[in-house]
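Following: one structure in structure tokens, then a few remarks.
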Amino acid sequence: MERIPILKMGEYLLVTIQVDMHDQLALTLQDDLTQRIARERSRGVLIDISSLDVVDSFIGRMIANISGMARVLDAQTVVVGMQPSVAITLVELGLPLEGVHTALNVEKGMARLRQQLGTRH
Amino acid sequence: MRQLVREQAMALGFSLVDQTKLVTAASELGRNTVIYGGGGEVRLDPVIQGARRGLRLTFSDQGPGIADIERALTDGFTTGGGLGLGLGGAKRLCNEFAIESRPGQGTRVTITRWR
Chain R
-12 MERIPILKMG EYLLVTIQVD MHDQLALTLQ DDLTQRIARE RSRGVLIDIS SLDVVDSFIG
48 RMIANISGMA RVLDAQTVVV GMQPSVAITL VELGLPLEGV HTALNVEKGM ARLRQQLGTR
108 H
Chain Y
401 MRQLVREQAM ALGFSLVDQT KLVTAASELG RNTVIYGGGG EVRLDPVIQG ARRGLRLTFS
461 DQGPGIADIE RALTDGFTTG GGLGLGLGGA KRLCNEFAIE SRPGQGTRVT ITRWR
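Protein sequences appear in the order of chains R and Y. Residues in the first sequence are numbered consecutively from -12, following my numbering. Residues in the second sequence are numbered consecutively from 401, following my numbering.
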């Protein structure tokens, strides 16, 4: 089955979405990521969506779900790299992703995670 | 389907933001056609009105239809467990929006976005 790779880097999990997200793939990622957070005892999740040129309500909900599930599992999520046209469309669609932390790029996203979790390394 | 809409919109000279809005609306409506309509078809028609150019998309299915269109267009209303943003959101993302539905006979949604 097609899967989006999840990379472990210390206390963090990194996900780069580089393929067109269809619904099943999004659901699989949601499952995989929550399991990995629990197994690896991760404190932070960084999701890079810079390659996504469309985020509809389903994918948007999946992103919000992951962020919420991670929080319940004591991990912070930062979504990075959203394309400006996607941001405009999401807000107009009616899904402003409130409660989801975002950053402009991977570097800023990592800085944000470190800051939120307190610098420990 | 999303790729086809993107290519057509690009060929018609839509800006990146407008392409993205149209593709996103198409994604919402396409999902409705599959989930609620049990599958159906999408037509892509470039439209020219005077100096205006646009792209019209028609989603039709022979599914159970929508009992209360007014309610289906309300944000947050859903019978399928989603967010209930699909129809209303798609409407906001295009310039023209029309929906015809008869219970038991299916649904047709037509949207147009002008360049």
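Virtual Cβ for every residue (Gly too), placed ideally from N, Cα, C.
Distance CB(residue i)-CB(residue j) smaller than 8 Å
{"i": "T64 of chain R", "j": "I53 of chain R", "result": "yes"}
{"i": "T15 of chain R", "j": "M(-12) of chain R", "result": "yes"}
{"i": "S427 of chain Y", "j": "G440 of chain Y", "result": "no"}
{"i": "Q505 of chain Y", "j": "G465 of chain Y", "result": "yes"}
{"i": "T76 of chain R", "j": "T420 of chain Y", "result": "yes"}
{"i": "T458 of chain Y", "j": "V442 of chain Y", "result": "yes"}
{"i": "L104 of chain R", "j": "R58 of chain R", "result": "no"}
{"i": "T510 of chain Y", "j": "L80 of chain R", "result": "no"}
{"i": "R456 of chain Y", "j": "D468 of chain Y", "result": "no"}
{"i": "R431 of chain Y", "j": "G486 of chain Y", "result": "yes"}
{"i": "S72 of chain R", "j": "L416 of chain Y", "result": "yes"}
Burial state of residue i (16 or more Cβ within 10 Å)
{"i": "K(-5) of chain R", "result": "exposed"}
{"i": "I109 of chain R", "result": "Because chain R in this structure spans residues -12 to 108, residue 109 of chain R falls outside the shown range and cannot be described."}
{"i": "A472 of chain Y", "result": "buried"}
{"i": "S501 of chain Y", "result": "buried"}
{"i": "R28 of chain R", "result": "exposed"}
{"i": "D7 of chain R", "result": "exposed"}
{"i": "S38 of chain R", "result": "exposed"}
{"i": "L91 of chain R", "result": "exposed"}
{"i": "G86 of chain R", "result": "exposed"}
{"i": "I111 of chain R", "result": "The displayed coordinates of chain R run from -12 to 108. Any statement about residue 111 of chain R would go beyond what the structure contains."}
{"i": "G484 of chain Y", "result": "buried"}
{"i": "T512 of chain Y", "result": "buried"}
Closest residue to residue i among the options (Cα-Cα distance)
{"i": "P35 of chain R", "options": "R:R101, R:L100 and R:G96", "result": "For the sequence presented, residue 35 of chain R should be read as Asp rather than Pro. Nearest of R:R101, R:L100 and R:G96 to D35 of chain R, Cα basis: R:G96."}
{"i": "A451 of chain Y", "options": "Y:V405, Y:G463 and Y:L412", "result": "Y:L412"}
{"i": "G463 of chain Y", "options": "Y:D445, Y:T507 and Y:G476", "result": "Y:T507"}
{"i": "I(-9) of chain R", "options": "R:T3, R:Y(-1) and R:E(-2)", "result": "R:T3"}
{"i": "V67 of chain R", "options": "R:R26, R:E85 and R:R99", "result": "R:R99"}
{"i": "H9 of chain R", "options": "R:S72, R:D40 and R:A62", "result": "R:D40"}
{"i": "T479 of chain Y", "options": "Y:Y436, Y:L429 and Y:L404", "result": "Y:Y436"}
{"i": "A74 of chain R", "options": "Y:R406, Y:E407 and Y:D418", "result": "Y:D418"}
{"i": "L493 of chain Y", "options": "R:V42, R:A25 and R:R23", "result": "R:V42"}
{"i": "L1 of chain R", "options": "R:D61, R:E94, R:R48 and R:L33", "result": "R:L33"}
{"i": "A13 of chain R", "options": "R:Y(-1), R:R101 and R:R48", "result": "R:R48"}
Cβ of residue i within 8 Å of any chain Y Cβ
{"i": "L80 of chain R", "result": "yes"}
{"i": "S54 of chain R", "result": "no"}
{"i": "S111 of chain R", "result": "There is no way to answer for residue 111 of chain R, as the model of chain R reaches only from -12 to 108."}
{"i": "R48 of chain R", "result": "yes"}
{"i": "I75 of chain R", "result": "yes"}
Minimum Cβ-Cβ distance from residue i to chain R less than 8 Å
{"i": "L457 of chain Y", "result": "no"}
{"i": "E428 of chain Y", "result": "yes"}
{"i": "G486 of chain Y", "result": "yes"}
{"i": "K491 of chain Y", "result": "no"}
{"i": "G482 of chain Y", "result": "yes"}
{"i": "V423 of chain Y", "result": "yes"}
{"i": "D461 of chain Y", "result": "no"}
{"i": "V417 of chain Y", "result": "yes"}
{"i": "R471 of chain Y", "result": "no"}
heavy atom of the ligand NAD below 7 Å from residue i C-beta
{"i": "Q63 of chain R", "result": "With respect to the ligand NAD, the structure offers nothing, as it holds no ligand at all."}
Handout entry: Sequence ranges, beta strand (DSSP E) only - wholly within the stretch 16 to 103 of chain R, length at least 3
Key = Note on the stretch 16 to 103 of chain R: whole beta strand (DSSP E) runs with a minimum of 3 residues are 31 to 35, 63 to 67 and 88 to 90, in chain order.
Handout entry: Ordered list of beta strand (DSSP E) runs contained in the stretch 406 to 464 of chain Y, each at least 3 residues
Key = 440 to 449 and 452 to 461, all fully within the stretch 406 to 464 of chain Y.
Practice task
With a floor of 4 residues, list each alpha helix (DSSP H) that falls wholly inside the stretch 467 to 497 of chain Y, ordered by position along the chain.
Solution key: With a minimum length of 4 residues, the continuous alpha helix (DSSP H) runs that stay inside the stretch 467 to 497 of chain Y are 469 to 472 and 486 to 492.
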